[in-house]
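Novice: Structure incoming, see below.
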Amino acid sequence: MAKKLHLNAFEMNCLGHLSHGLWAHPADQRWRYKDLSYWTELAALLERGKFDTLFIADVLGIYDVYGNSKDAALRNAVQIPANDPALIVPPMAHVTNHLGFAVTSSTSYEHPFAFARRMSTLDHLTKGRIAWNIVTSYLPNAAHNFGYSEMMNHDERYELAEEFLEVVYKLWEGSWEDNAVIIDKNNRIYSDPNKVHKIEHNGKYFNVQGPHMSEPSLQRTPVLYQAGTSSRGKAFAARHAECVFVTGTDTSIMKRQIADIRRQAEEIGRDPSKIKFFTPLVAVVGETREEAEQKMKVLSSYYSHEGAMVLFGSGTGYDLAAYSDDSYLEGPRNHVQSIAERFSKNAPNPRTVGEIRQSLNHLRGTGLYVVGTATEIADQLQQWIEETDLDGFNVRQVISPGTLEDFIDLVVPELQKRGVFRKEYEEGTTFRERLYSADSGRLPDSHPAAKYRRQA
Numbered sequence: 002m003a004k005k006l007h008l009n010a011f012e013m014n015c016l017g018h019l020s021h022g023l024w025a026h027p028a029d030q031r032w033r034y035k036d037l038s039y040w041t042e043l044a045a046l047l048e049r050g051k052f053d054t055l056f057i058a059d060v061l062g063i064y065d066v067y068g069n070s071k072d073a074a075l076r077n078a079v080q081i082p083a084n085d086p087a088l089i090v091p092p093m094a095h096v097t098n099h100l101g102f103a104v105t106s107s108t109s110y111e112h113p114f115a116f117a118r119r120m121s122t123l124d125h126l127t128k129g130r131i132a133w134n135i136v137t138s139y140l141p142n143a144a145h146n147f148g149y150s151e152m153m154n155h156d157e158r159y160e161l162a163e164e165f166l167e168v169v170y171k172l173w174e175g176s177w178e179d180n181a182v183i184i185d186k187n188n189r190i191y192s193d194p195n196k197v198h199k200i201e202h203n204g205k206y207f208n209v210q211g212p213h214m215s216e217p218s219l220q221r222t223p224v225l226y227q228a229g230t231s232s233r234g235k236a237f238a239a240r241h242a243e244c245v246f247v248t249g250t251d252t253s254i255m256k257r258q259i260a261d262i263r264r265q266a267e268e269i270g271r272d273p274s275k276i277k278f279f280t281p282l283v284a285v286v287g288e289t290r291e292e293a294e295q296k297m298k299v300l301s302s303y304y305s306h307e308g309a310m311v312l313f314g315s316g317t318g319y320d321l322a323a324y325s326d327d328s329y330l331e332g333p334r335n336h337v338q339s340i341a342e343r344f345s346k347n348a349p350n351p352r353t354v355g356e357i358r359q360s361l362n363h364l365r366g367t368g369l370y371v372v373g374t375a376t377e378i379a380d381q382l383q384q385w386i387e388e389t390d391l392d393g394f395n396v397r398q399v400i401s402p403g404t405l406e407d408f409i410d411l412v413v414p415e416l417q418k419r420g421v422f423r424k425e426y427e428e429g430t431t432f433r434e435r436l437y438s439a440d441s442g443r444l445p446d447s448h449p450a451a452k453y454r455r456q457a
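Right under this line is the structure:
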């Protein structure tokens, strides 16, 4: 039986996410990103298409590595201007019943006590449909914005993240017992004081007394997303993540990455089948291949090569403006380590800077790229699922909402016809229940957060 796949829409609360320059296309509606109606219409569209999740990326600094300047990022609107990802979720939840919402937040620049309450609030307001994309942040400008003279090194960012997770697990899972909330109006007792506990966390980075300020939400801990395929990132994913993002264009490498994380998860007692893997997808679909190719030709004419080099620079730490075409990139860097290593001279098949520049002059991205009919695109999705053990895709918008409208109107029915994508949402109240066809919205007992639960 063919594996059923999952679909996330990959978005950001900004003018220009990953399709650099496409905001200038006359059909693109991203200029409306400041209007609630833009987001509620998008959420309703995704629910019509039976998508699992709207995944909302975020950054906390400007991309200023390219040319050692902020100017190119501002000219091309490369993820700036950008607004808060969490604040658009409640109105979208109000117009949908099943769609999940994954919010990006950094362990490096948040405090776990305030963050835990914010996520509990969102889980309450969405009725258990919230997820958290865990990031450790990689921009030097972000560090400067939060008062640090320099960015924390890569491995220490993960060390801090481990303690951050420990604190929020204690707050979400252990501070309030399951039957702590009584709501006894006759005796005027809302919650039992004996069943609400301080967490008394004292660590290297955080000291948090507690108790958690929010009563338990349906999921308690949000569904946990994470991206990171460095050795430290994979270990972190194996321990904590329920959904993992992997990137690349080589299916054999991706298969090894996925197998490695599943193996590490099993070694520490987790069920590896409870981890879902996703990769980015750029899909331009037409009624015929010729129509799709013509559509891509027009879209590509708006693409900003400079914008792509801006994003590359801050993701990897390499300023392509500072290298000659025939040179190679030294490594590693203290940014997104797995990406930096892929492009450095130490990579298995190193490329010159000129070759890297040329590869960036394309809408392709870092995952699956396909232009064609719905049948051809569905074939490619199934092939990647079979060859890599992926569970699904993060569908990128080239223009909004046209990319998703075409995908939902043409590709989704083809996937449904093949029996590899839902026709209706699964039973269950919470996002976690539907994602895993589970009986409960809670994390499984094999997850490390479960050890902080108090036994009744």
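The sequence shown maps to residues 2 to 457 in the numbering used here. Ideal Cβ positions, reconstructed from N, Cα and C, are used throughout, including at glycine. Being a predicted model, the structure only gives us computed values, none of them experimental.
Report the rounded CA-to-CA distance for residue 42 versus residue 53, giving the unit in angstroms.
Specialist: In the sequence shown, counting from the first residue as 1, residue 42 sits at position 41. In the sequence shown, counting from the first residue as 1, residue 53 sits at position 52. The alpha-carbon of residue 42 is positioned some 16 Å away from that of residue 53.
Novice: Measuring alpha carbon to alpha carbon, tell me which residue in 213, 18 and 9 is nearest residue 400.
Specialist: The residue you call residue 400 lines up with position 399 of the sequence shown. Of the candidates 213, 18 and 9, the one whose C-alpha sits nearest the C-alpha of residue 400 is 18.
Novice: Around the Cβ of residue 235, are there at least 16 other Cβ atoms within 10 angstroms (buried) or fewer (exposed)?
Specialist: One-based indexing of the sequence shown puts residue 235 at position 234. The residue in question, residue 235, is buried, as its Cβ has 16 or more Cβ neighbours within 10 Å.
Novice: Under three-state DSSP, which class holds residue 227?
Specialist: Position 226 of the sequence shown holds residue 227. Of the three classes helix, strand and coil, the one that applies to residue 227 here is strand, per DSSP.
Novice: Can you give the beta carbon distance from residue 395 to residue 317, rounded, assuming they're within the 8 Å contact cut?
Specialist: Translated into the one-based positions of the sequence shown, residue 395 becomes position 394. Translated into the one-based positions of the sequence shown, residue 317 becomes position 316. Not quite, the Cβ-Cβ distance comes to about 20 Å (not below 8 Å), so this is no contact.
Novice: If you run the structure through DSSP and keep just helix, strand and coil, what is residue 12?
Specialist: Along the sequence shown, read from residue 1 onward, the residue named residue 12 stands at position 11. Residue 12: strand per DSSP, three-state reduction.
Novice: Would you report the Cα separation of residue 172 and residue 115, rounded to the nearest angstrom?
Specialist: As a working mapping, residue 172 is identified with position 171 in the sequence shown. As a working mapping, residue 115 is identified with position 114 in the sequence shown. So the two alpha carbons sit approximately 11 Å from each other.
Novice: Taking the beta carbon of residue 76 as the centre, do at least 16 other beta carbons fall within 10 Å, making it buried, or is it exposed?
Specialist: Working through the sequence shown from its first residue, we reach residue 76 at position 75. Exposed, by the Cβ-count rule.
Novice: Just to confirm the assignment, what range does the beta strand (DSSP E) spanning residue 409 have?
Specialist: Position 408 of the sequence shown holds residue 409. Counting along the chain, residue 409 falls outside any beta strand (DSSP E), and DSSP gives it neither H nor E.
Novice: With a threshold of 7 Å on Cβ separation, who are the neighbours of residue 223 within its own chain once the five nearest residues in sequence on each side are excluded?
Specialist: Numbered from 1 along the sequence shown, position 222 holds the residue referred to as residue 223. Excluding residues within five positions, the ones whose Cβ falls inside 7 Å are 120, 124, 131, 132 and 133.
Novice: With a threshold of 8 Å, are at least 3 pairs of Cβ atoms found where one atom belongs to the stretch 352-369 and the other to the stretch 232-250?
Specialist: yes
Novice: Could you name the residues of the same chain whose beta carbon sits closer than 6 Å to that of residue 351, not counting the 5 residues immediately before and after it, in chain order?
Specialist: Counting from 1 along the sequence shown, the entry for residue 351 is found at position 350. Within the same chain, residue 351 has close Cβ partners 329.
Novice: Can you give the Cα-Cα distance for residue 127 and residue 181, rounded to whole angstroms?
Specialist: In the sequence shown, counting from the first residue as 1, residue 127 sits at position 126. In the sequence shown, counting from the first residue as 1, residue 181 sits at position 180. So the two alpha carbons sit approximately 22 Å from each other.
Novice: Does the stretch 200-212 come within contact of the stretch 99-114, defined as at least 3 CB pairs closer than 8 Å?
Specialist: yes
Novice: So what's residue 68 in DSSP terms, helix, strand or just coil?
Specialist: Locating residue 68 in the sequence shown gives position 67, where the first residue counts as 1. Residue 68 falls in the helix class under three-state DSSP.
Novice: Between which two residues does the beta strand (DSSP E) harbouring residue 58 extend?
Specialist: The residue given as residue 58 occupies position 57 in the sequence shown. Start and end: 54-58.
Novice: Applying the criterion that 16 or more other CB atoms from any shown protein chain within 10 Å of the CB defines a buried residue, is residue 443 buried or exposed?
Specialist: The sequence position of residue 443 within the sequence shown is 442, counting from 1. It is buried - the Cβ of residue 443 has at least 16 other Cβ atoms within 10 Å.
Novice: Given that a residue counts as buried once 16 or more other Cβ atoms are within 10 Å of its Cβ, and exposed if not, what is residue 456?
Specialist: As a first step, residue 456 is located in the sequence shown; it is residue number 455 there, counting from the start. The residue is exposed, with fewer than 16 neighbouring Cβ atoms inside 10 Å.
Novice: Would you call the CB atoms of residue 290 and residue 373 closer than 7 Å?
Specialist: Residue mapping note: residue 290 aligns to position 289 of the sequence shown, counting from 1. Residue mapping note: residue 373 aligns to position 372 of the sequence shown, counting from 1. Yes, these two residues count as a Cβ contact at 7 Å.
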